[in-house]
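*Asks:* Dropping a structure here in structure tokens format, bear with me for questions.
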Amino acid sequence: MDRIYNFAAGPATLPLEVLKEVQKEFLNYNKTGVSILELSHRSQAFSNLIKEIEQDLRDLMHIPSNYKVMFAQGGATTQFAAIAMNLMKNKKADYIVTGIFSKNAAEEAKIFGDVKIVADGSSSQFRKIPDCSNLPIRDDADYVYYCDNNTVYGTKFKAIPNSKGKPLVVDQSSCFLSEPIDVSKFGVVYAGIQKNAGPAGLAIVIVREDLIREKLSFPTPTMLNWKIQSDKESLYNTPNSFAIYFVGKTLKWIKKQGGIEAIQKKNIEKAKLLYDYLDNSKYVKVADVNSRSMMNVTFNCGNEELDKKFIEEASKQGISFIKGHRAVGGMRASIYNAMSKEGVVTLIEFMKKFEKENL
Ligand code: PMP
Numbered sequence: 008m009d010r011i012y013n014f015a016a017g018p019a020t021l022p023l024e025v026l027k028e029v030q031k032e033f034l035n036y037n038k039t040g041v042s043i044l045e046l047s048h049r050s051q052a053f054s055n056l057i058k059e060i061e062q063d064l065r066d067l068m069h070i071p072s073n074y075k076v077m078f079a080q081g082g083a084t085t086q087f088a089a090i091a092m093n094l095m096k097n098k099k100a101d102y103i104v105t106g107i108f109s110k111n112a113a114e115e116a117k118i119f120g121d122v123k124i125v126a127d128g129s130s131s132q133f134r135k136i137p138d139c140s141n142l143p144i145r146d147d148a149d150y151v152y153y154c155d156n157n158t159v160y161g162t163k164f165k166a167i168p169n170s171k172g173k174p175l176v177v178d179q180s181s182c183f184l185s186e187p188i189d190v191s192k193f194g195v196v197y198a199g200i201q202k203n204a205g206p207a208g209l210a211i212v213i214v215r216e217d218l219i220r221e222k223l224s225f226p227t228p229t230m231l232n233w234k235i236q237s238d239k240e241s242l243y244n245t246p247n248s249f250a251i252y253f254v255g256k257t258l259k260w261i262k263k264q265g266g267i268e269a270i271q272k273k274n275i276e277k278a279k280l281l282y283d284y285l286d287n288s289k290y291v292k293v294a295d296v297n298s299r300s301m302m303n304v305t306f307n308c309g310n311e312e313l314d315k316k317f318i319e320e321a322s323k324q325g326i327s328f329i330k331g332h333r334a335v336g337g338m339r340a341s342i343y344n345a346m347s348k349e350g351v352v353t354l355i356e357f358m359k360k361f362e363k364e365n366l
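The sequence shown maps to residues 8 to 366 in our numbering.
In structure tokens:
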């Protein structure tokens, strides 16, 4: 079967090697005689597996020992509420809004407390990351929140916002495991895994221990309570065992590539190829040059008819799911860890031809 180049934003392309390995052992996981889908989450085999995955993640991300790691159900969006419910003591939080997902997170937090938007990229239609070096953070804010990579607009923070000593919460969904980060600078690092690590529906939540509190300010559902979830090591109820297992395979694949540092090198190379071409082309670039994402590259042809033609013709060449988000239009090439350099080169070749014939 021929696989296409999948430029989707998420669920997104996953490493073929990992997919094949999962396929190979699908009927009989690690000599247990059952599929991973059939394996009890209370079995020794699963218990060993989840521990090993956590350790691999800790090794790869250099997660300090005073941080807990949770595998949480309900994707990243479920954590929008969990973050507010677990972290709000004064019931005040400061949010940096740089796109749809940080806006949604702020709206969710408003259910629980007083939310102040301390930086807002909407005046640039979210094409630009605002300067976050000196924000009007409130003295009694419980935390400061931002979204590192804005999947929809193709923008990315180049510096960690100055949270003025308040715990910093970062949504890393669309740049998770794509470059090293210093976890110790954050209160919470979390990500939905469906871009760089596995299937949708699972979030990995890394929380500094002192932020996990026994007594919360709100009646909090058990599944959103980080104290319970971390004490139970993500096994309070039946977890999304397949997604966890899949993440484990992806982590081994990253290790084999030489770790996150090596992955970053490849990502820089891929993104540079595409941006260098774009900069010398007639395509319209969406993200501001200084706010560009290495994972989601947004551009258009300058008119909707041509965008439509681009998407149709690209699809015929096996370059698929490249349509931009409805909020932005045009095209978005998501070039996550698993997108090969050949995929990016194939896209550029197609873009050159399309440009010559149409722009
Ligand atoms: N944050 C970011 C940056 C995202 O890209 C997405 C999904 N595309 C979300 C949050 C929401 O993730 P989920 O669909 O897993 O809730």
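For each residue, glycine too, the CB sits at the ideal point set by N, CA and C.
1. So what's Val-176 in DSSP terms, helix, strand or just coil?
2. Whose C-beta lies closer than 8 Å to the C-beta of Ser-327 among residues of the same chain, with five residues either side of it excluded?
3. Distance check for Tyr-343 and Gln-184, CA to CA, integer angstroms please.
4. Measure from the alpha carbon of Ala-340 to the alpha carbon of each residue in Gly-82, Asn-307, Ala-126, Ala-269, then state which is nearest.
5. Would you check if the distance between the CB atom of Ala-207 and the CB atom of Ala-198 is smaller than 8 Å?
6. What's the gap between the Cα of Asn-35 and the Cα of Glu-276?
7. Take Asp-149 and list the residues in its own chain whose beta-carbon comes closer than 7 Å to its own, dropping the five residues that flank it on each side.
8. Consult DSSP for Thr-39 and reduce its assignment to one of helix, strand or coil.
9. What do you get for Asn-310, buried or exposed, if any count of 16 or more other CB atoms within 10 angstroms of its CB means buried?
10. Do you know whose CA, among Glu-268, Asn-157, Asp-238, lies nearest His-332's CA?
11. What are the uninterrupted segments assigned as alpha helix (DSSP H) that are 4 or more residues long and contained completely in the region 89-120, given in chain order?
12. For Ile-355, which residues of its own chain have a beta-carbon under 8 Å away from its beta-carbon, when the five flanking residues on both sides are left out?
13. Could you name the residues of the same chain whose beta carbon sits closer than 7 Å to that of Phe-253, not counting the 5 residues immediately before and after it, in chain order?
14. Which two residues bound the contiguous alpha helix (DSSP H) that contains Gly-266?
15. Mind checking Glu-312: buried by the 16 CB within 10 Å criterion, or exposed?
*Replies:* Result, derived from the coordinates:
1. In the structure shown, Val-176 falls within a strand segment according to DSSP collapsed to helix, strand and coil.
2. Contacts found: Ile-11, Tyr-12, Asn-13, Phe-14, Ala-15, Ala-321.
3. In the sequence as displayed, the identity of residue 184 is Leu instead of Gln. If I take the Cα positions, the gap works out to 10 Å.
4. Closest option to Ala-340, judged by alpha-carbon separation, among Gly-82, Asn-307, Ala-126, Ala-269: Asn-307.
5. Annotated as distal: Ala-207 and Ala-198, with beta-carbon spacing of 8 Å or more.
6. Cα to Cα, the separation comes out at about 38 Å.
7. Leu-94, Met-95, Lys-96, Asn-97, Lys-99, Ala-100.
8. DSSP places Thr-39 in coil when its eight states are reduced to three.
9. So Asn-310 ends up on the exposed side.
10. Of all alpha-carbon atoms in Glu-268, Asn-157, Asp-238, the one lying nearest the alpha-carbon of His-332 is that of Asn-157.
11. List check, alpha helix (DSSP H) in window: 107-117.
12. Counting only Cβ-Cβ distances below 8 Å, and skipping sequence neighbours, we find Leu-280, Leu-281, Tyr-284.
13. The residues are Val-29, Gly-205, Pro-206.
14. Element bounds for Gly-266: 266-286.
15. Flag for Glu-312 reads exposed.
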